[in-house]
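Novice:
Residue numbers (my numbering), protein chains in the order written: chain A, 201 to 478; chain B, 15 to 234.
1. Taking only beta-carbon positions, decide if residue 199 (chain A) is within less than 7 Å of chain B.
2. Have a look at B:149, B:77, B:190 and flag the residue whose alpha-carbon is nearest the alpha-carbon of residue 3 (chain B).
3. If you drop the 5 nearest sequence neighbours on each side, which residues of the same chain put their C-beta closer than 8 Å to that of residue 205 (chain B)?
4. What is the rounded straight-line gap between the Cα of residue 49 (chain B) and the Cα of residue 231 (chain B)?
5. Give the C-beta separation of residue 199 (chain B) and residue 109 (chain B) to the nearest angstrom, bearing in mind that I take them to be a contact with Cβ-Cβ under 8 Å.
6. Just to make sure I have the definition right: I need the residues of chain B whose C-beta is within less than 7 Å of the C-beta of residue 276 (chain A). Which are they?
7. Mapping the DSSP letters down to three states, classify residue 396 (chain A) as helix, strand or coil.
8. Please return the same chain residues whose Cβ sits closer than 6 Å to the Cβ of residue 256 (chain A), not counting the five positions on each side in sequence.
9. Alpha carbon to alpha carbon, how far is residue 98 (chain B) from residue 191 (chain B)?
10. Which of the residues in the stretch 61-80 of chain B, read from start to end, lie with their CB under 8 Å from any CB of chain A?
11. Give a yes or no on whether the minimum CB-CB distance between residue 467 (chain A) and chain B is below 7 Å.
12. Taking 7 Å as the CB-CB cut-off, is residue 50 (chain B) touching chain A?
13. Using CA coordinates, which residue listed in A:222, A:220, A:228 is at the minimum distance from residue 466 (chain A)?
14. If we call anything under 7 Å between Cβ atoms a contact, is residue 414 (chain A) one with residue 305 (chain A)?
15. Taking DSSP's pairing of strands, which residues face residue 161 (chain B) in a bridge?
16. Consult DSSP for residue 6 (chain B) and reduce its assignment to one of helix, strand or coil.
17. With 16 other CB atoms within 10 Å as the buried threshold, where does residue 390 (chain A) fall?
18. Are the CB atoms of residue 28 (chain B) and residue 160 (chain B) within a distance shorter than 7 Å?
19. Please report the distance separating the alpha-carbon of residue 452 (chain A) from that of residue 476 (chain A).
20. Go through its chain and collect everything with a Cβ distance to residue 187 (chain B)'s Cβ below 8 Å, but skip five positions before and after it.
21. Measure the beta-carbon distance from residue 23 (chain B) to residue 37 (chain B) and round it to whole angstroms, keeping in mind my assumption that it falls under 8 Å.
22. With a threshold of 7 Å between beta carbons, is residue 293 (chain A) in contact with chain B?
23. Mind the definition here: the stretch 257-270 of chain A touches the stretch 342-356 of chain A only if three or more C-beta pairs lie below 8 Å; say whether that holds.
24. At a Cβ threshold of 7 Å, is residue 424 (chain A) touching chain B?
25. Quick one, are the C-beta atoms of residue 411 (chain A) and residue 444 (chain A) less than 7 Å apart?
26. Please identify, using Cβ separations under 7 Å, the residues of the stretch 187-216 of chain B that lie next to chain A, in order along the chain.
27. Any chance the stretch 324-340 of chain A sits against the stretch 429-441 of chain A, with 3 or more Cβ pairs inside 8 Å?
28. Apart from the five residues on each side of it in sequence, which residues of its chain come closer than 6 Å, Cβ to Cβ, to residue 321 (chain A)?
29. With DSSP collapsed to three states, give me the class of residue 202 (chain B).
30. Please confirm whether residue 32 (chain B) has its beta-carbon closer than 7 Å to some beta-carbon of chain A.
31. Identify which residue in A:455, A:460, A:384 has its Cα closest to the Cα of residue 217 (chain A).
32. Using only CA atoms, which one of B:68, B:157, B:40, B:63 lies nearest to residue 113 (chain B)?
33. Within the 7 Å Cβ cut-off, does residue 463 (chain A) reach chain B?
34. Below 8 Å on C-beta distance, what does residue 58 (chain B) contact in chain A?
35. Starting from residue 366 (chain A), find everything on chain B with Cβ-Cβ shorter than 7 Å and list it in chain order.
36. If we ignore side chains and look at the alpha-carbon of each, how far apart do residue 283 (chain A) and residue 459 (chain A) end up?
Spelled out as structure tokens, the structure:
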């Protein structure tokens with residue numbers, strides 16, 4: 201594993217060739233394949249009713265909630281989901297510890313780029329709240345709005361759509377307690393938690409644009425719920441990362457077979473585990 | 015579900031599945047396989063028929079592991095008080111009308127009548143009753159609708175009864191006074207996204223093996 205990590209670190213910030221992207225994903229796939237039981241299967245043993253709400257036009261993927269504009273084709277949503285799930289899986293496999301959140305975020309962003317996204321990401325920083333009270337949903341939206349506002353190469357209309365999709369996704373989540381419950385169970389940890397929200401659209405030539413906000417918080421004592429409740433700013437430390445990114449499907453096609461194979465193997469492990477044959 | 019859309023009826027372990035004619039054959043296979051997988055996993059995890067809630071939960075989670083999105087978990091309210099007697103056919107109809115308003119009388123009646131018409135035992139009714147009736151006193155019967163886009167609406171009815179069940183379970187008239195405890199009604203709506211099921215298809219088929227042929231049977 202160390203060899204893989206070291207090699208990954210060397211390519212940070214570089215533009216990777218097609219061969220390098222494929223080699224990197226193949227190494228990551230070997231790492232994933234060596235894991236005994238998928239974390240999704242382990243989690244399912246203790247999960248209460250898991251529900252996704254299709255009418256959200258959003259997907260809850262572990263600790264992430266992805267909002268999609270109506271312009272998104274089914275194929276484009278699949279690309280977002282596959283690259284997100286893959287990057288999240290690899291990052292969590294390599295850096296599972298709570299103390300490795302920054303490295304995990306960097307790894308996640310690296311894998312998104314290897315997956316075909318052209319990203320402008322903001323460094324992982326401490327979040328400075330300006331008021332005595334805050335809500336985590338507003339924090340995430342502020343981070344995402346800031347990332348969108350600093351995006352280059354996008355028209356004002358597209359940027360507004362990204363913000364609106366994020367706003368409406370969060371707003372819709374309020375009305376779907378089952379989906380909100382699932383999301384919060386994934387997010388909360390013993391002394392804090394982390395979550396990610398994204399907003400994506402597709403333009404007329406098929407290019408996908410996505411904004412992502414990653415939030416990590418530490419709190420000795422925390423409310424029962426994460427979103428839509430007030431937190432005392434003094435009682436919580438928040439760190440964040442954000443990015444805006446674009447994707448042409450051609451950039452994904454190169455690595456799609458490898459990503460799909462890794463996700464399939466992961467799914468197959470979970471299916472076998474549930475079936476009692478793992 | 016559109017009025018005028020035909021359905022084919024399948025037995026899938028302890029569940030009767032109504033499959034819309036408009037589904038592609040490949041989607042129909044995926045849907046039936048996923049439903050069988052979920053039932054088998056739940057029965058392995060919860061072999062005791064008395065564990066009704068745990069079985070239902072395991073069934074939903076297993077379906078989700080195949081990649082399905084669970085969309086809803088509607089609440090059903092049985093008529094209060096319960097009728098003095100009931101058949102599974104009557105109860106299922108009543109619940110389906112409540113949960114799936116688009117399930118017209120015509121669609122449900124035509125499809126379920128094919129089950130009622132199975133007067134003499136067939137391989138299909140044999141599979142159904144083997145899975146739906148345990149020790150002659152526990153009933154766990156499911157009915158699913160598979161519709162366009164691989165939408166699934168499923169109802170499970172489970173209860174313990176203290177009376178002799180003979181002949182066609184579907185037509186047997188239960189005396190409510192003989193039902194021990196409550197009649198459990200559980201259901202869900204789900205979406206089996208074919209693009210996501212790509213990750214699951216081969217492994218589900220491998221795990222089910224011959225059970226696909228043995229426990230998924232089309233009714234004439």
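Note that CB positions come from ideal geometry on N, CA and C, so glycine has one too.
If you're wondering where the values come from, they're calculated on a predicted model, not measured in any experiment.
Specialist: In brief:
1. Lying before the first or after the last residue shown, residue 199 (chain A) is absent from chain A, which here runs from 201 to 478.
2. Since the first and last residues shown for chain B are 15 and 234, residue 3 (chain B) lies out of range.
3. Reading the second chain from its first residue, position 191 is the one you call residue 205 (chain B). Contacts found: 82, 83, 85, 163, 164, 165, 166.
4. Position 35 of the second chain, counted from the first residue, corresponds to residue 49 (chain B). Position 217 of the second chain, counted from the first residue, corresponds to residue 231 (chain B). Approximately 13 Å, taken between the alpha carbons.
5. Along the second chain, one-based indexing puts residue 199 (chain B) at 185. Along the second chain, one-based indexing puts residue 109 (chain B) at 95. Their Cβ separation, rounded to whole angstroms, is 6 Å, which keeps residue 199 (chain B) and residue 109 (chain B) in contact under 8 Å.
6. Residue numbering aside, residue 276 (chain A) sits at position 76 when the first chain is read from its first letter. Chain B residues near residue 276 (chain A): none, gap ~11 Å exceeds 7 Å.
7. Taking the first residue of the first chain as 1, we reach residue 396 (chain A) at position 196. Here residue 396 (chain A) sits in strand by DSSP.
8. Looking up residue 256 (chain A) in the first chain gives position 56. In this prediction, residue 256 (chain A) has a pLDDT of 48, which is less than 50 and means its spatial position is unreliable; what the coordinates show is noted afterwards. So the qualifying residues of the chain are 372.
9. Along the second chain, one-based indexing puts residue 98 (chain B) at 84. Along the second chain, one-based indexing puts residue 191 (chain B) at 177. So the two alpha carbons sit approximately 7 Å from each other.
10. 71, 74, 75, 76, 78, 79, 80
11. The residue labelled residue 467 (chain A) in the question sits at position 267 within the first chain. True, the Cβ-Cβ gap to chain B drops below 7 Å.
12. As a first step, residue 50 (chain B) is located in the second chain; it is residue number 36 there, counting from the start. Chain A contact via Cβ: absent.
13. Position 266 of the first chain holds residue 466 (chain A). Checked all of A:222, A:220, A:228; the closest Cα to residue 466 (chain A) is A:228.
14. On the first chain, position 214 is the one that residue 414 (chain A) refers to. On the first chain, position 105 is the one that residue 305 (chain A) refers to. Cβ distance < 7 Å, so residue 414 (chain A) and residue 305 (chain A) count as in contact.
15. As a first step, residue 161 (chain B) is located in the second chain; it is residue number 147 there, counting from the start. According to DSSP, which records beta bridges pairwise, residue 161 (chain B) is partnered with B:165.
16. Past the boundaries of the shown model lies residue 6 (chain B); chain B is included only from 15 to 234, so the question cannot be answered.
17. Against the first chain, residue 390 (chain A) aligns to sequence position 190. Counting Cβ neighbours within 10 Å, residue 390 (chain A) comes out exposed, since fewer than 16 surround it.
18. On the second chain, residue 160 (chain B) is found 146 positions in, with the first residue counted as 1. On the second chain, residue 28 (chain B) is found 14 positions in, with the first residue counted as 1. No, the Cβ-Cβ distance between residue 160 (chain B) and residue 28 (chain B) is not below 7 Å.
19. If you number the first chain from 1, residue 452 (chain A) lands on position 252. If you number the first chain from 1, residue 476 (chain A) lands on position 276. Going from the Cα of residue 452 (chain A) to the Cα of residue 476 (chain A) covers about 35 Å.
20. For the purposes of this step, residue 187 (chain B) is identified with residue 173 of the second chain, where counting begins at 1. Here the set comprises 99, 100, 101.
21. The residue labelled residue 23 (chain B) in the question sits at position 9 within the second chain. The residue labelled residue 37 (chain B) in the question sits at position 23 within the second chain. No, residue 23 (chain B) and residue 37 (chain B) are not in contact; Cβ-Cβ is about 13 Å, not under 8 Å.
22. In the first chain, counting from the first residue as 1, residue 293 (chain A) sits at position 93. No, residue 293 (chain A) does not count as interfacial toward chain B.
23. no
24. Locating residue 424 (chain A) in the first chain gives position 224, where the first residue counts as 1. Not one chain B Cβ lies under 7 Å of residue 424 (chain A).
25. Start at 1 with the first residue of the first chain, and residue 411 (chain A) comes out as number 211. Start at 1 with the first residue of the first chain, and residue 444 (chain A) comes out as number 244. Result yes, Cβ atoms of residue 411 (chain A) and residue 444 (chain A) sit closer than 7 Å.
26. 205, 209, 213, 214
27. yes
28. Position 121 of the first chain, counting from 1, holds the residue named residue 321 (chain A). Excluding sequence neighbours, residue 321 (chain A) sits near 309, 443.
29. On the second chain, position 188 is the one that residue 202 (chain B) refers to. If DSSP states are grouped into helix, strand and coil, residue 202 (chain B) belongs with the strands.
30. Here residue 32 (chain B) is taken as the residue at index 18 of the second chain, counted from 1. It does not: the Cβ of residue 32 (chain B) has no partner Cβ on chain A nearer than 7 Å.
31. In the first chain, counting from the first residue as 1, residue 217 (chain A) sits at position 17. Residue A:455 is the option with its Cα nearest to residue 217 (chain A).
32. Position 99 of the second chain, counted from the first residue, corresponds to residue 113 (chain B). Nearest of B:68, B:157, B:40, B:63 to residue 113 (chain B), Cα basis: B:157.
33. As a first step, residue 463 (chain A) is located in the first chain; it is residue number 263 there, counting from the start. True, the Cβ-Cβ gap to chain B drops below 7 Å.
34. The residue given as residue 58 (chain B) occupies position 44 in the second chain. Ordered by position in chain A, the residues that pass the 8 Å Cβ test against residue 58 (chain B) are 475, 476.
35. Stepping through the first chain from its first residue, residue 366 (chain A) is reached at position 166. Those do not exist, as residue 366 (chain A) stays about 21 Å from chain B at its closest Cβ, beyond 7 Å.
36. In the first chain, counting from the first residue as 1, residue 283 (chain A) sits at position 83. In the first chain, counting from the first residue as 1, residue 459 (chain A) sits at position 259. The straight-line gap from Cα to Cα measures roughly 8 Å.
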